[in-house]
Structure formats: C-alpha cells, structure tokens
Amino acid sequence: MPLLPDCKETTRLVLEGEDRQLRLLERAGVRLHWRMCAGCARFGRQVELMREAMGSWRRHAEPRENEPGE
C-alpha cells in the first residue's frame, strides 16, 4: 500500500476498519488522505455516525433487566 492511498483505497480501508483494526500505516494513510480530501473525510464522518447510531439502537432495542417482558 502506498503511503497516501487514493479515494477508492481510502474508502475500502474505512469500511475494512469497521471489521478489523487497521495497521498503523493504514490508519496514518487514511488520516493523511482525509486532510487533503473533503469528500473522503465526510464519508469517514458518515461511517462513524452510522456506527454510533447502530450502537445506540442496539442499546435501546435490547430488553433491560428488571423490565417486564411483553
């Protein structure tokens, strides 16, 4: 992988980062690309927002202890 990935590679790495921890050079390349590419930086923020929304949904969707079942 080149030090500075292009938009396609950055997108792939961002999505892979949802399933595994990226290596140090991969993370550095993505962050460097984001500093120069507003579109990819926006995509990264959207992925983060979706991750947070799904986590919030899961917390609210799971039945709580001491809560009567339906």
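Take the sequence shown: its letter number 31 is residue 34 in our numbering, and every next letter is one higher.
Yeah, the Cβ is synthetic: ideal placement off N, Cα and C, and Gly gets one too.
Compare the Cα-Cα distances from residue i to each of the options and report the closest residue.
i   : options       : result
V74 : D9, T13, L7   : Look at the range of the chain in this structure, 4 to 73, and you will see that residue 74 is not part of it.
D9  : L27, M39, R26 : M39
If you reduce the DSSP assignment to three classes, tell me which class residue i lands in.
i   : result
E55 : helix
E21 : coil
L27 : helix
L7  : coil
C40 : coil
E65 : coil
Could you give the C-beta distance for residue i and residue j, rounded to a whole number, given that I count them as a contact under 8 Å?
i   : j   : result
L35 : L7  : 6 Å
A31 : W37 : Contact doesn't hold; Cβ gap of about 11 Å is too wide.
R54 : E19 : So it is not a contact: roughly 14 Å between Cβ atoms.
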